[in-house]
Structures are given as C-alpha cells and as structure tokens.
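Peer 1: My questions all concern the structure below.
Numbering (the UniProt record's numbering), first residue to last: 1 to 179.
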C-alpha cells in the first residue's frame, strides 16, 4: 500500500505533519505581560495560517486518494488518454512555475532599492501575464496588468503600512510622495 501512494498523498501527509508541528509551536510566541490577548493578538495570524495549512494538507490527501480510487475504477472501463497529450500542459505549467519563481527572486532583490510601491507594480503585472500565459495581454491590452499592479500595490501599501502599521521598504521616492 505504501509503495502505491501518489506523490500528492505524500505531500499532503508531510503538510499535515508540518502544520501540526507549527500549530504546537504557536504557544511559544511571546506576548507582552499585561497585553490584552482576548481578541486579535500576536498569535492570531499564525494560528489561522497553521489551520489553513492543516486543512490544505487534509484536502490534498483526500483528493489524491479519491482520484486514485476513481482512476482505478475508470481503468476497467477502457483505455486512458495517451501521455503525449498531457506532456505539453505539464511542460507549460513547469515553465510558468519557474518563471514565477524567477520573478519572485527578482522582486525580492529589487524590494529594498526600489521600495514596496515601485517594485510591487511590475511584480504583480508580470505574475498576471505569466499565469495567464499572455493570452489576454497582447499588444494594447498590456495596460490592464500594469494598472492592476499599481492599484493593488497602493491598496496593499494602504492596508499594511497605513492601517496595520507594518513597516514596508520605503524606496527612493516615498519621502517625496509623503506616503
């Protein structure tokens, strides 16, 4: 049985173990004495993240096992699609994933010198084009991801820096803009 478990099942099981370990460590987060922790406190977001990670691992295991059982039932029904039809789709997803990883590395390198507002616009626009494989953003429609990146960058800056007080990399123009 163990040898027949799919990769998604193993990834889901590892995710469940990591999430369980993560959730057990949340109690070690230091809270100032006298701080009001009855509402939203320093442990709220890590706890939410841990539960989402745990539920994601459980969902991955369940969908993998159900998919394996369905494929086993369908195998008796007739021949499956050839692997040649699936290969280009997998190759495209691999290229998209590598491009997003590269874009993220460039974003992280440019975040400090350019600042959050300037670096985030091309990052979001580039991610939109990569994920959509550029199908909708050819030629004159390239302004859509750029405007979306600018608006989302401003909204995230207002949320995290303005409302939540999270310090973000300022960049060269932020003092002049007064943001």
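Where a beta carbon is used, it is the ideal one built from N, C-alpha and C, also for glycine. The structure presented is a predicted model; accordingly, all values stated were derived computationally and were not measured.
1. Is the beta carbon of residue 153 sitting closer than 8 angstroms to the one on residue 103?
2. Which residues mark the beginning and the end of the alpha helix (DSSP H) in which residue 161 is found?
3. Looking only at C-alpha atoms, which of 6, 161, 148 sits nearest to residue 72?
4. Please go through the same chain and pick out, in chain order, the residues whose beta-carbon is closer than 6 angstroms to the beta-carbon of residue 53, but skip the five residues on each side of it.
5. Assign residue 28 to buried or exposed, taking buried as 16 or more other Cβ atoms, counted over all protein chains shown, within 10 Å of its Cβ.
6. The alpha helix (DSSP H) spanning residue 173 covers which residue range?
7. Within this structure, are the beta carbons of residue 61 and residue 9 separated by less than 8 angstroms?
8. Would you decide whether residue 124 is buried or exposed? Buried here means 16 or more other CB atoms lie within 10 Å of its CB.
9. Along the chain, where does the alpha helix (DSSP H) containing residue 141 start, and where does it finish?
10. Could you please give the first and the last residue of the uninterrupted alpha helix (DSSP H) stretch that includes residue 27?
11. Out of 146, 169, 43, which has the shortest C-alpha to C-alpha gap to residue 157?
12. Would you mind sorting residue 155 into buried or exposed? The rule is 16 or more other CB atoms within 10 Å of its CB.
13. Quick check on the burial criterion: 16 or more other C-beta atoms within 10 angstroms. Buried or exposed for residue 163?
14. With burial defined as no fewer than 16 other Cβ atoms inside 10 Å of the residue's Cβ, what is the status of residue 57: buried or exposed?
15. Using a Cβ-Cβ cutoff of less than 8 angstroms, which residues in the same chain neighbour residue 115 once the five nearest sequence positions on both sides are dropped?
16. From which residue to which residue does the alpha helix (DSSP H) around residue 126 run?
Peer 2: Here's the rundown:
1. Along the chain shown, one-based indexing puts residue 153 at 153. Along the chain shown, one-based indexing puts residue 103 at 103. For residue 153 and residue 103, no; Cβs fall outside 8 angstroms.
2. By 1-based counting over the chain shown, the position of residue 161 is 161. Under the DSSP assignment, residue 161 falls outside any alpha helix (DSSP H); it carries neither an H nor an E label.
3. Taking the chain shown and counting its residues from 1, the one referred to as residue 72 is at position 72. Per the Cα distances, 6.
4. Within the chain shown, residue 53 is the residue found at index 53, counting from 1. Here the set comprises 19.
5. Mapped onto the chain shown, residue 28 falls at position 28. Exposed, since its Cβ has fewer than 16 Cβ neighbours within 10 Å.
6. Translated into positions along the chain shown, residue 173 becomes position 173. Note, residue 173: premise wrong, no alpha helix (DSSP H); not H, not E.
7. Taking the chain shown and counting its residues from 1, one reaches residue 61 at position 61. Taking the chain shown and counting its residues from 1, one reaches residue 9 at position 9. Yes, the pair counts as a contact, with Cβ atoms nearer than the cut-off.
8. Indexing the chain shown from 1 puts residue 124 at position 124. Burial call: buried.
9. Position 141 of the chain shown, counted from the first residue, corresponds to residue 141. That residue, residue 141, is in no alpha helix (DSSP H); it is neither H nor E in DSSP.
10. Locating residue 27 in the chain shown gives position 27, counting from the first residue. Residue 27: not part of any alpha helix (DSSP H); DSSP gives it neither H nor E.
11. Here residue 157 corresponds to residue number 157 of the chain shown, with the count starting at 1. Considering only 146, 169, 43, the residue with the shortest C-alpha distance to residue 157 is 169.
12. Position 155 of the chain shown, counted from the start, is the residue given in the question as residue 155. The residue is exposed, with fewer than 16 neighbouring Cβ atoms inside 10 Å.
13. Along the chain shown, read from residue 1 onward, the residue named residue 163 stands at position 163. The residue in question, residue 163, is exposed, as its Cβ has fewer than 16 Cβ neighbours within 10 Å.
14. Along the chain shown, one-based indexing puts residue 57 at 57. Its Cβ being crowded by 16 or more others within 10 Å, residue 57 is buried.
15. Here residue 115 corresponds to residue number 115 of the chain shown, with the count starting at 1. Once the five neighbours on either side are set aside, the close Cβ partners of residue 115 are 168, 169, 170, 171, 172, 173, 174.
16. Taking the first residue of the chain shown as 1, we reach residue 126 at position 126. In the DSSP annotation of this structure, the continuous segment of the alpha helix (DSSP H) that includes residue 126 starts and ends at 116-131.
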